[in-house]
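Below: one structure, written as structure tokens.
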Amino acid sequence: MFRSGKMKIETFDSVWDAVSDTPEQAENMRIRAELVTIINNWIEQQGFSQAQAASALGVTQPRISELARGKIQIFSIDKLITMMAHAGLHIQRIEIQYPHAA
1 MFRSGKMKIE TFDSVWDAVS DTPEQAENMR IRAELVTIIN NWIEQQGFSQ AQAASALGVT
61 QPRISELARG KIQIFSIDKL ITMMAHAGLH IQRIEIQYPH AA
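The opening residue of the sequence shown carries number 1 in the numbering used here; numbering runs sequentially from there.
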């Protein structure tokens, strides 16, 4: 039996809003994804193997493998920043978007 009905279609501002339970979780995931991308790009630019990258970033090779596979949920922002510092990478500027006044 086929039931006819209307499907509710939700739209989101970002993919992180769609996969997160709260706006706070979405923002955290967005920042982690950006940091993971920066680290992965750095590893590629250096031409490092996963073992070399692990040594340079102060982590184990399996962690680099997880990083390369985009498993951002297992890396805290703190850990990602620590890894960047091991590589000599530093955040220069942080831009904050304030909500519009009502």
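Note that CB positions come from ideal geometry on N, CA and C, so glycine has one too.
- Query: Where do the N-terminal and C-terminal ends of the alpha helix (DSSP H) with Lys79 fall, by residue?
  - Reply: Ile77 to His86
- Message: Which same chain residues end up closer than 8 Å to Gly58 when comparing Cβ atoms and leaving out the 5 residues on each side of it in sequence?
- Response: Thr82, Met83 and His86
- Query: Hey, out of Thr22, Leu35 and Gln45, whose CA is closest to His90's CA?
  - Reply: Leu35
- Assign Ala54 to one of two classes, buried (16 or more other C-beta atoms within 10 Å of its C-beta) or exposed (fewer than that). buried
- Item | Close beta carbons around Glu66, own chain, < 7 Å, minus the five adjacent residues each side | Ile74
- Message: Using the Cβ count rule (16 or more neighbours within 10 Å means buried), how would you classify Ile64?
- Response: buried
- Task: Identify whether Arg69 lies in helix, strand or coil by the three-state DSSP scheme.
- Result: coil
- Task: Could you spell out the range, first to last residue, of the alpha helix (DSSP H) harbouring Ile31?
- Result: Pro23 to Gln46
- Taking C-alpha atoms, which residue in Gln25, Ala68 and Gln46 lies nearest to Thr37? Ala68
- Message: Judging by CA-CA distance, which residue of Glu44, Thr60, Gly70 and Gln61 is the nearest neighbour of Arg30?
- Response: Gly70
- Message: My output table needs one value for Ser49: the three-state DSSP class, helix, strand or coil.
- Response: coil
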